[in-house]
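K.L.:
Before I ask anything, let me first share the structure, which is written out below as structure tokens.
Numbering (full-length UniProt numbering), first residue to last: 1 to 411.
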């Protein structure tokens, strides 16, 4: 290769504020006209949103590109013919920890961020779809060297003679959970609860374990206020912050309310089924333009635990990990949001109880959680960054340290 980029002591993953040093080497076997040689350090978030209309109909694509930061250095400006040989220049950049931006024309819409100078999002690559939208998202950090020839004519297009790119993996400190510093996991434990009220003749000790006769059912239907009553509370405890690919610490607690009940002893409560899933939501949007704007969020279901026909007696606190084994979900990306791309998670849990012939459902469909990388272990960077497109053409930027947004209307 006539142009190479070498980074000194390149890290497997960066987190912000590091100094990146290296050198650019250019080799030419013959005299060549060179205008200048440049090196650019940049971060860019690109999204493509498509409406899904079926395989027979053409789809319209809305694209957005957001420059998170850009730092450029002109290494050499000979503006003349240079002799054959090998040339080398050092470079140095500081990896920012925040988006370097001025005012943004992105509207404030959850789950995206539009605040200036928010934390840089992690390296990211995802392609996903549902019945409504197809999304293709990348967040890329790279150092690019370019050799430009003298510009021909006043309106001549400035394209590089040679170009070389080195991509860098990045996950910000804000997306890393310091287990040692934040060792008190109870701080991140949230609880949801629901009270269930039952009325049934089967609550009486002499009726437990049998089925009601038809006459008893009619009597219960006609006089519900005279039936024995029993109340209990179901509480589900879950972590609101989770480290990638680690078990979820979840528990279920059953508390009888004997003071509010007319029976002398609590009846048996059976858990017949349970389900725990995580919904991973990828969001992308294209900037407003003359052709309009388009956004989409696609959910992917990650099943953690699903059990049916259990008939499992439950009372007091039930540690679901001890009862069913580690609740581990597959390797996922950390949670983040930026101008045009986001990744968020929701925990969904459902339990079905049976007590005194009554079936009660405890449904928790939308519990926000955040996914973090473990602090100090950069090798746990999300797997999707390994699939960044290698043949992606280098983006054209407007100016250094300025966030710019561009929308391409139709593919």
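Heads up, the beta-carbon is just placed ideally off N, CA and C, and yes, glycines get one too.
Apart from the five residues on each side of it in sequence, which residues of its chain come closer than 7 Å, Cβ to Cβ, to residue 256?
P.N.:
In the chain shown, residue 256 corresponds to position 256, counting from 1. Around residue 256: 232, 266.
K.L.:
Given a cut-off of 8 Å on the beta-carbon distance, is the pair residue 237 and residue 348 in contact?
P.N.:
What you label residue 237 is simply residue 237 of the chain shown in a count that begins at 1. What you label residue 348 is simply residue 348 of the chain shown in a count that begins at 1. No, these two residues do not count as a Cβ contact at 8 Å.
K.L.:
With a 10 Å radius around its C-beta and 16 neighbouring C-beta atoms as the bar for buried, classify residue 53 as buried or exposed.
P.N.:
For the purposes of this step, residue 53 is taken as residue 53 along the chain shown, with counting starting at 1. So residue 53 ends up on the exposed side.
K.L.:
Taking the alpha helix (DSSP H) that residue 322 falls in, what are its first and last residues?
P.N.:
The count along the chain shown starts at 1 and reaches residue 322 at position 322. Taken as a continuous stretch (DSSP letters only), the alpha helix (DSSP H) holding residue 322 covers 320–324.
K.L.:
Please name the residue or residues paired with residue 311 in a DSSP beta bridge.
P.N.:
Start at 1 with the first residue of the chain shown, and residue 311 comes out as number 311. Residue 311 is not bridged to any residue.
K.L.:
Indicate the three-state DSSP secondary structure (helix, strand or coil) for residue 174 in the structure shown.
P.N.:
Within the chain shown, numbered from 1, the residue matching residue 174 stands at position 174. Helix at residue 174.
K.L.:
How do the region 12–22 and the region 165–172 stand: do at least 3 beta-carbon pairs fall below 8 Å, yes or no?
P.N.:
Touching, yes.
K.L.:
Going straight from the alpha carbon of residue 78 to that of residue 141, what length do you get?
P.N.:
Against the chain shown, residue 78 aligns to sequence position 78. Against the chain shown, residue 141 aligns to sequence position 141. So the alpha carbons of these two residues sit roughly 29 Å apart.
K.L.:
So what does DSSP say about residue 260, is it helix, strand or coil?
P.N.:
Working through the chain shown from its first residue, we reach residue 260 at position 260. Helix at residue 260.
K.L.:
Less than 8 Å between the CB atoms is what I'm expecting for residue 120 and residue 161, so what's the real figure, rounded?
P.N.:
For this step, residue 120 is matched to residue 120 along the chain shown. For this step, residue 161 is matched to residue 161 along the chain shown. With 8 Å as the limit, residue 120 and residue 161 do not qualify as a contact, their Cβ atoms being about 31 Å apart.
K.L.:
Is the beta carbon of residue 89 closer than 8 Å to that of residue 23?
P.N.:
Walking along the chain shown from the start, residue 23 turns up at place 23. Walking along the chain shown from the start, residue 89 turns up at place 89. Yes.
K.L.:
Check for me: the beta strand (DSSP E) holding residue 60 runs from which residue to which?
P.N.:
Translated into the one-based positions of the chain shown, residue 60 becomes position 60. Where residue 60 is concerned, there is no enclosing beta strand (DSSP E), given that its DSSP letter is neither H nor E.
K.L.:
Residue 122: which of 111, 274, 176 sits nearest, CA to CA?
P.N.:
Along the chain shown, one-based indexing puts residue 122 at 122. For residue 122, the nearest C-alpha among the options comes from 176.
K.L.:
Figure out for me which residue from 148, 42, 92, 82 has the closest Cα to the Cα of residue 9.
P.N.:
Sequence index remark: in the chain shown, residue 9 carries index 9 (1-based). Of the candidates 148, 42, 92, 82, the one whose C-alpha sits nearest the C-alpha of residue 9 is 92.
K.L.:
Would you say residue 126 and residue 282 are within 8 Å of each other, going by their C-beta atoms?
P.N.:
As a working mapping, residue 126 is identified with position 126 in the chain shown. As a working mapping, residue 282 is identified with position 282 in the chain shown. Yes, the pair counts as a contact, with Cβ atoms nearer than the cut-off.
K.L.:
Given this structure, state the Cα-to-Cα distance separating residue 242 from residue 261, to the nearest angstrom.
P.N.:
Here residue 242 is taken as the residue at index 242 of the chain shown, counted from 1. Here residue 261 is taken as the residue at index 261 of the chain shown, counted from 1. Using only the alpha carbons, I get a separation of about 38 Å.
K.L.:
Of the choices 178, 118, 30, 336, whose alpha-carbon is the least far from that of residue 111?
P.N.:
Against the chain shown, residue 111 aligns to sequence position 111. Here the closest residue by C-alpha is 336.
K.L.:
With a 10 Å radius around its C-beta and 16 neighbouring C-beta atoms as the bar for buried, classify residue 333 as buried or exposed.
P.N.:
As a working mapping, residue 333 is identified with position 333 in the chain shown. Under this definition residue 333 is a buried residue.
K.L.:
Looking at residue 41: is its Cβ nearer than 8 Å to the Cβ of residue 143?
P.N.:
Working through the chain shown from its first residue, we reach residue 41 at position 41. Working through the chain shown from its first residue, we reach residue 143 at position 143. It is a contact, given that the beta carbons lie within the stated cut-off.
K.L.:
Report, in whole angstroms, the separation of the C-beta atoms of residue 343 and residue 124, which I expect to be a contact under 8 Å.
P.N.:
In the chain shown, the residue the question calls residue 343 occupies position 343. In the chain shown, the residue the question calls residue 124 occupies position 124. Indeed they touch by this definition, with Cβ atoms about 7 Å apart.
K.L.:
Looking at residue 313 and residue 369, is the spacing between their C-beta atoms short of 8 Å?
P.N.:
Counting from one through the chain shown, the residue named residue 369 turns up at place 369. Counting from one through the chain shown, the residue named residue 313 turns up at place 313. No, these two residues do not count as a Cβ contact at 8 Å.
K.L.:
Do residue 371 and residue 139 have their C-beta atoms within less than 8 Å of each other?
P.N.:
Working through the chain shown from its first residue, we reach residue 371 at position 371. Working through the chain shown from its first residue, we reach residue 139 at position 139. Contact flag unset, no.
K.L.:
Run through the UniProt domain "Arrestin-like N-terminal" (4–147) for me and flag every whole alpha helix (DSSP H) of 4 or more residues, listed as ranges in chain order.
P.N.:
Complete alpha helix (DSSP H) runs here, min 4: none at all.
K.L.:
From 193, 354, 316, 361, pick the residue whose C-alpha is nearest to that of residue 275; which is it?
P.N.:
Counted from its first residue, the chain shown places residue 275 at position 275. Selected option, being the one with the closest Cα: 361.
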